[in-house]
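4 protein chains.
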Amino acid sequence: MTEKKKVTKIGVLTSGGDAPGMNAAIRAVVRTGIYYGLEVFGIMRGYNGMLEDDIIPMNSRSVANIIQRGGTILKTARSKDFFETEGRKKAYANLKKYGIDGLVIIGGDGSFRGAQKFANEFDIPCIGIPGTIDKDMAGTDYTIGFDTAVNTAVEAIDKIRDTMDAHDRLFIVEVMGRDAGYIALHSGIATGAENILIPETKTDIEALIHSLTEKEKRKKLVNLIVVAEGEEFGGAEEIAKVIKERVPNADTRVCILGHIQRGGAPSCHDRLVASHMGYYAVESLLIGRHNVMVGVINNKIHYTPLDMAVKERQAIGQEWMKIVKILAS
Amino acid sequence: MTEKKKVTKIGVLTSGGDAPGMNAAIRAVVRTGIYYGLEVFGIMRGYNGMLEDDIIPMNSRSVANIIQRGGTILKTARSKDFFETEGRKKAYANLKKYGIDGLVIIGGDGSFRGAQKFANEFDIPCIGIPGTIDKDMAGTDYTIGFDTAVNTAVEAIDKIRDTMDAHDRLFIVEVMGRDAGYIALHSGIATGAENILIPETKTDIEALIHSLTEKEKRKKLVNLIVVAEGEEFGGAEEIAKVIKERVPNADTRVCILGHIQRGGAPSCHDRLVASHMGYYAVESLLIGRHNVMVGVINNKIHYTPLDMAVKERQAIGQEWMKIVKILAS
Amino acid sequence: MTEKKKVTKIGVLTSGGDAPGMNAAIRAVVRTGIYYGLEVFGIMRGYNGMLEDDIIPMNSRSVANIIQRGGTILKTARSKDFFETEGRKKAYANLKKYGIDGLVIIGGDGSFRGAQKFANEFDIPCIGIPGTIDKDMAGTDYTIGFDTAVNTAVEAIDKIRDTMDAHDRLFIVEVMGRDAGYIALHSGIATGAENILIPETKTDIEALIHSLTEKEKRKKLVNLIVVAEGEEFGGAEEIAKVIKERVPNADTRVCILGHIQRGGAPSCHDRLVASHMGYYAVESLLIGRHNVMVGVINNKIHYTPLDMAVKERQAIGQEWMKIVKILAS
Amino acid sequence: MTEKKKVTKIGVLTSGGDAPGMNAAIRAVVRTGIYYGLEVFGIMRGYNGMLEDDIIPMNSRSVANIIQRGGTILKTARSKDFFETEGRKKAYANLKKYGIDGLVIIGGDGSFRGAQKFANEFDIPCIGIPGTIDKDMAGTDYTIGFDTAVNTAVEAIDKIRDTMDAHDRLFIVEVMGRDAGYIALHSGIATGAENILIPETKTDIEALIHSLTEKEKRKKLVNLIVVAEGEEFGGAEEIAKVIKERVPNADTRVCILGHIQRGGAPSCHDRLVASHMGYYAVESLLIGRHNVMVGVINNKIHYTPLDMAVKERQAIGQEWMKIVKILAS
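The structure is reproduced here in structure tokens:
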């Protein structure tokens with residue numbers, strides 16, 4: 001929240017991993033900008049579009065009928081060059097061609113770090129909108145895409161449970177989350193998983209093996225384990241190896257949900273949050289609340305300086321793990 | 001939050017209008033109860049089961065494989081007799097037969113009023129869990145079922161938009177909400193509705209007709225109006241009458257989404273919230289935090305005395321309506 | 001299947017009521033045309049685009065990423081003027097401007113009648129692709145959109161059943177089908193409806209009332225009635241009136257599914273059939289198999305002269321109604 | 001279609017891999033049996049239930065509210081012991097205890113082989129209902145579960161396409177089908193896959209690499225490859241290895257859809273076909289059309305002697321592969 005500078009032409013881009021709801025955010029930025037008399041440009045493929053002069057004028061119709069679409073009409077990418085001084089100079093030169101004097105970046109913490117650097121160097125105000133399915137960011141309770149991703153995981157695991165129950169099997173389902181276990185934790189509780197393994201906690205493999213062995217003795221080894229990618233042992237395949245060795249009679253199967261979690265029509269919540277964040281991002285540019293990320297904390301819009309909007313591993317409350325244990329029993 | 005009394009046998013029931021996620025709450029109450037050594041009974045069809053002695057013992061397996069199901073395995077109803085002193089006496093007599101000394105009621109404000117009376121008269125501690133798709137309750141940001149209902153509405157309206165756009169039509173879609181416009185407001189923003197009519201605000205019919213007439217002049221009368229049941233004029237059919245008379249050239253269609261909004265597999269959020277509320281409801285009975293509703297405020301569990309957990313029409317922030325207007329343009 | 005004429009530039013249009021899968025058919029027509037060296041034009045809003053010169057050149061990218069979309073990117077409409085000689089003359093004049101010498105019409109029997117007239121008068125070969133959710137056409141077992149519409153109906157009725165069971169209610173659900181009962185019959189059997197009322201059979205209201213009264217005596221009046229729009233009595237509301245009068249204790253509710261049945265991402269089957277039909281439509285233009293509708297009979301592509309591709313009410317086999325009765329009991 | 005024998009008590013079981021729609025078939029068998037005055041027993045976990053005397057009486061309510069559920073309420077398994085003479089003797093002894101004199105087996109060709117042996121040895125008439133997501137059986141155009149599985153695959157791939165397009169990536173998606181490419185072929189065409197690799201055809205890896213390399217030169221390497229498990233090279237991971245080596249600049253990702261394809265609410269078509277097959281299976285037992293599989297050929301019920309109802313790899317028509325090529329271009 002630094003200097004005041006009158007903004008008249010803004011660029012919007014999506015950067016980093018894509019997340020359902022990014023299109024709803026783009027739409028909100030474009031239409032709010034136009035409403036307030038700004039010219040709005042779409043920058044393609046993250047910061048690459050700035051480097052390669054792939055920048056297109058947008059109007060209200062450019063964003064018609066996209067609120068319900070997964071993916072991002074502006075495409076997204078990671079850009080190494082933008083993290084070099086040379087790259088950012090080139091990017092700035094291209095923005096100047098269009099007269100762009102404000103940016104909205106929809107992405108994750110890496111993208112925001114780049115934005116902060118850029119803002120510092122070239123005095124272009126930047127506003128961040130948190131778009132990542134992982135939800136692990138400081139300064140906001142929600143990130144765009146998480147709610148859709150977790151519902152996709154739940155629907156997939158519901159299907160897996162059908163076949164698991166039909167065959168009395170042990171399933172290990174891996175969901176996304178290299179650093180954060182939110183998708184695993186939420187989808188695991190929502191599908192009645194017996195065990196949930198996440199990066200935030202140590203995986204107690206002995207306790208797991210013990211409980212499976214006990215179940216096997218009672219001839220009832222139907223068991224659902226939901227695992228985050230970034231779990232200590234390295235995910236579903238690694239856990240499966242241990243189980244197959246230590247509980248050889250279990251009829252064990254592995255499913256890795258993978259990229260389906262990144263696509264699909266966004267949920268109501270993701271569209272709603274994205275719409276609000278897009279609106280407040282443009283408002284922030286206009287009133288001089290610069291270089292912040294727009295977040296939501298306790299159901300209220302909240303602004304965090306871009307350089308503090310970092311990936312943040314939150315402690316998972318003890319009650320959560322207790323609830324997992326009690327409810328799956 | 002009154003007296004302390006040791007609880008050993010509890011009953012759980014669903015009452016009033018059903019809502020997706022009620023089964024997840026039942027499951028959490030039953031399993032948490034059993035975990036803490038309680039006996040748990042299911043009471044069928046709301047308070048009617050108490051009056052008619054339709055009460056069944058439940059164990060952990062009674063609630064297996066229901067977390068993903070819509071509806072309620074205990075069925076639900078409204079009970080007039082329970083609102084008579086005679087009825088409550090009979091209900092109490094039946095509970096005594098089983099030794100039930102604590103109740104968890106999953107329902108809305110009407111159900112909670114009954115519970116409060118019953119608790120006062122017979123010294124049976126009651127805990128309420130807010131289960132209603134309408135979301136309009138004091139003491140909680142969420143009610144079980146709202147998130148599912150609103151996503152069902154969004155999916156339905158997305159489909160309607162396909163055919164609306166194909167034919168350049170004007171659609172008036174009615175969603176549930178006799179007293180509250182949340183479903184209309186959330187689903188309307190999420191589907192890019194041009195107009196949203198809700199009970200909380202006066203319907204400015206002249207402004208609506210004016211904007212439609214303007215659009216018609218420009219030969220572009222594709223327009224989505226989302227209307228809550230309880231809107232001032234009386235819902236979609238009434239609004240359609242006015243429009244057909246005043247904008248006769250519009251190709252106007254009405255869709256009333258109706259009861260599909262009450263069913264279906266609950267969303268991840270509804271299952272999660274229901275699971276937590278069920279857990280904390282039983283904990284409340286155990287530690288003597290009696291005659292409260294378990295709610296969630298600002299992402300934290302929050303308890304409200306049952307008689308204060310009333311239907312509450314919240315003011316809709318001005319920004320919300322502004323965002324509707326800006327984003328649909 | 002008349003004269004041979006070399007075709008080089010073709011137009012494609014969607015006409016009449018829209019149906020999910022029309023976009024998949026458009027895509028197939030455009031890409032097959034281009035593959036075979038034709039120029040392809042999109043004609044907007046059915047025959048209106050021909051009358052008003054709303055015709056756009058299409059290439060392979062025009063139809064990228066549409067196979068999964070409901071609606072039709074070419075929009076659709078009914079055109080009165082095209083059914084006048086003057087109108088068709090104007091349409092022909094506009095086609096000549098572009099050199100269009102072949103047409104693919106995706107629509108229903110009304111659209112095909114217009115096409116046949118046009119083909120006769122101006123020697124422009126026309127190929128029909130059956131696109132209608134109603135499925136009631138001679139010359140084909142499938143029409144594009146039916147499979148999606150019926151699955152949408154099934155998903156909606158599944159949700160309604162959740163709330164019906166929770167409350168022990170009687171639901172009357174109306175699905176589309178002014179002349180044909182296929183959607184009602186298929187969705188009714190698939191959702192375990194107790195009664196299915198369709199235009200193809202007389203509605204035996206006395207038998208219906210009798211069975212409901214019997215159920216009521218046994219205090220188990222949970223009952224699902226699926227009704228086609230074109231049912232003898234006039235649909236769900238009319239049936240409800242009779243039931244409310246004759247079985248007043250029933251807790252009766254009406255749901256009219258309406259236009260959600262026309263939208264949504266097409267099912268695999270609709271996309272597949274549409275893709276094949278689009279391919280064979282262009283092939284037909286090329287090899288001189290003119291003025292036919294492309295259909296599928298017994299899983300094989302089948303061609304019917306356009307003037308014989310009429311709406312056809314098929315007799316519903318007696319076993320079907322027997323199965324309804326046996327399985328719902 | 002052999003001897004006539006009066007059947008009075010029948011058993012129904014699901015065997016082999018589970019498939020969505022099996023519950024609809026069980027329901028139809030039970031209710032049709034009861035309608036015709038038979039006693040009906042459910043046999044748990046395939047032939048294992050016969051061997052271990054895990055057999056339960058069923059009535060109309062046993063199958064209420066299951067038509068929409070994935071999995072199988074009777075559970076399923078493969079049984080080695082039933083393929084030994086000793087096992088079948090034991091099974092017969094158990095059936096005799098209940099007086100069961102007819103069987104309906106819902107499963108695949110392995111299950112039918114066992115049934116034929118059993119029928120020959122013990123003169124218990126057996127009727128097969130084809131339940132397998134793979135669709136590759138002689139004697140029927142449809143098998144229960146295929147339509148649901150292929151729609152699940154399509155919905156998943158639609159989501160993957162969102163993220164594929166956002167990032168301009170190359171995705172290799174593996175669907176089920178160890179011996180048959182139907183799921184790959186149908187879901188691939190329906191999602192606009194550029195390449196479809198199936199067991200029925202030789203994988204021309206050089207042509208594939210060539211086309212990818214050409215695309216890469218034009219800087220447009222967005223490409224979807226759908227692969228059946230049983231494809232010549234061994235599935236998605238193996239194909240990915242080759243591509244990563246030969247087209248190293250491609251941003252290649254692998255998704256294995258896995259067991260989600262076996263679960264979920266069955267599609268309308270699967271419920272409908274299962275309901276019909278269940279009805280005709282019981283009818284067959286009653287009228288002495290014994291030891292056959294009930295199939296559907298050209299939309300008509302068709303009976304095949306059980307020993308001829310084998311897995312059958314059908315030739316994939318040349319037009320299909322041509323259509324894949326033309327439409328994805």
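Residue numbers (full-length UniProt numbering), protein chains in the order written: chain X, 1 to 329; chain D, 1 to 329; chain V, 1 to 329; chain Y, 1 to 329.
By construction, the Cβ of each residue, glycine as well, lies at the ideal position given by its N, Cα and C atoms.
Quick caveat, the model's predicted, so the values are computed rather than measured.
Just checking my contact of residue i with residue j at CB under 8 Å: how many whole Å lie between their CB atoms?
| i | j | result |
| --- | --- | --- |
| X/I105 | X/A119 | That pair is no contact at about 10 Å. |
| Y/V29 | Y/A281 | 6 Å |
| D/T203 | D/E231 | 6 Å |
| V/G264 | D/D162 | 7 Å |
Using the C-alpha atoms, what's the distance from residue j back to residue i?
| i | j | result |
| --- | --- | --- |
| Y/F83 | Y/G110 | 10 Å |
| X/E174 | X/D168 | 19 Å |
| D/I144 | D/A19 | 7 Å |
| D/I326 | X/T32 | 6 Å |
| D/D147 | X/H269 | 8 Å |
| X/E3 | X/G87 | For X/E3, the predicted structure reports a pLDDT of 48, less than 50, and the residue's modelled location is therefore unreliable. The matter cannot be settled from this model. |
| D/A184 | Y/T304 | 55 Å |
| V/M293 | V/L306 | 5 Å |
| D/K135 | D/Y182 | 7 Å |
| D/R69 | Y/R69 | 10 Å |
| X/F233 | X/P199 | 9 Å |
| V/A24 | D/T152 | 26 Å |
| X/M1 | X/R289 | Here the model assigns X/M1 a pLDDT of 42, short of 50, so the residue's position is not dependable and the matter cannot be decided. |
| V/M164 | D/E229 | 20 Å |
| Y/S15 | X/I55 | 58 Å |
Would you mind telling me which residues of chain D sit closer than 8 Å to residue i, beta carbon to beta carbon, in chain order?
| i | result |
| --- | --- |
| X/C255 | Neighbours of X/C255 on chain D: none; closest Cβ ~17 Å, over 8 Å. |
| X/D147 | C268, H269 |
What residues of chain V sit near residue i, judged by a beta carbon separation below 8 Å?
| i | result |
| --- | --- |
| D/K75 | D165, A166, H167, D168 |
Please list the partners that residue i has in chain Y, where partner means a Cβ-to-Cβ separation under 9 Å.
| i | result |
| --- | --- |
| X/R161 | G70, G71, G263 |
Along chain X, in chain order, which residues have C-beta atoms closer than 7 Å to that of residue i?
| i | result |
| --- | --- |
| Y/A156 | I260 |
Using a cut-off of 7 Å between C-beta atoms, extract the partners of residue i located in chain D.
| i | result |
| --- | --- |
| X/V150 | C268 |
Figure out for me which residue from the options has the closest Cα to the Cα of residue i.
| i | options | result |
| --- | --- | --- |
| D/S275 | D/S284, D/M22, D/G16 | D/M22 |
| V/T191 | Y/N59, Y/G102, Y/L38, Y/V273 | Y/V273 |
| X/R262 | Y/A166, Y/D134, Y/D101 | Y/A166 |
| D/M277 | X/E319, X/I67, X/R313 | X/E319 |
| V/I209 | V/A193, V/G235, V/K9, V/A250 | V/A250 |
| X/M300 | D/E194, D/G317, D/P125 | Correcting the residue identity first, residue 300 of chain X is Lys in this sequence and not Met. With distances taken between Cα atoms, X/K300 lies closest to D/G317. |
Strictly below 8 Å CB to CB, what residues from chain Y border residue i?
| i | result |
| --- | --- |
| X/N18 | First, the residue type needs correcting, since residue 18 of chain X is Asp and not Asn in the sequence shown. The answer, in chain order, is D162, T163, A166, H167. |
List the residues of chain Y whose Cβ lies closer than 7 Å to the Cβ of residue i, in chain order.
| i | result |
| --- | --- |
| V/N299 | D141, N298 |
| V/H276 | I323 |
| V/L272 | H186, I189, A190 |
What residues from chain D crowd round residue i, counting only those whose CB sits closer than 9 Å?
| i | result |
| --- | --- |
| X/N65 | R161, D165, G192 |
| X/Y279 | E319, K322, I323, I326, L327 |
| X/S60 | S329 |
Applying a beta-carbon distance threshold of less than 7 Å, which residues of chain V neighbour residue i?
| i | result |
| --- | --- |
| Y/Y303 | Ordered by position in chain V, no residue passes the 7 Å Cβ test against Y/Y303, which lies about 15 Å from the chain. |
| Y/A28 | L327 |
TODO: Could you say if the region 239–246 of chain V and the region 199–213 of chain V meet the contact criterion of at least three C-beta pairs nearer than 8 Å?
DONE: Because the criterion of three Cβ pairs below 8 Å is met, the region 239–246 of chain V and the region 199–213 of chain V touch.
Query raised in the report: Are the region 47–55 of chain D and the region 93–101 of chain D touching, with three or more C-beta to C-beta distances below 8 Å?
Result: The region 47–55 of chain D vs the region 93–101 of chain D: in contact.
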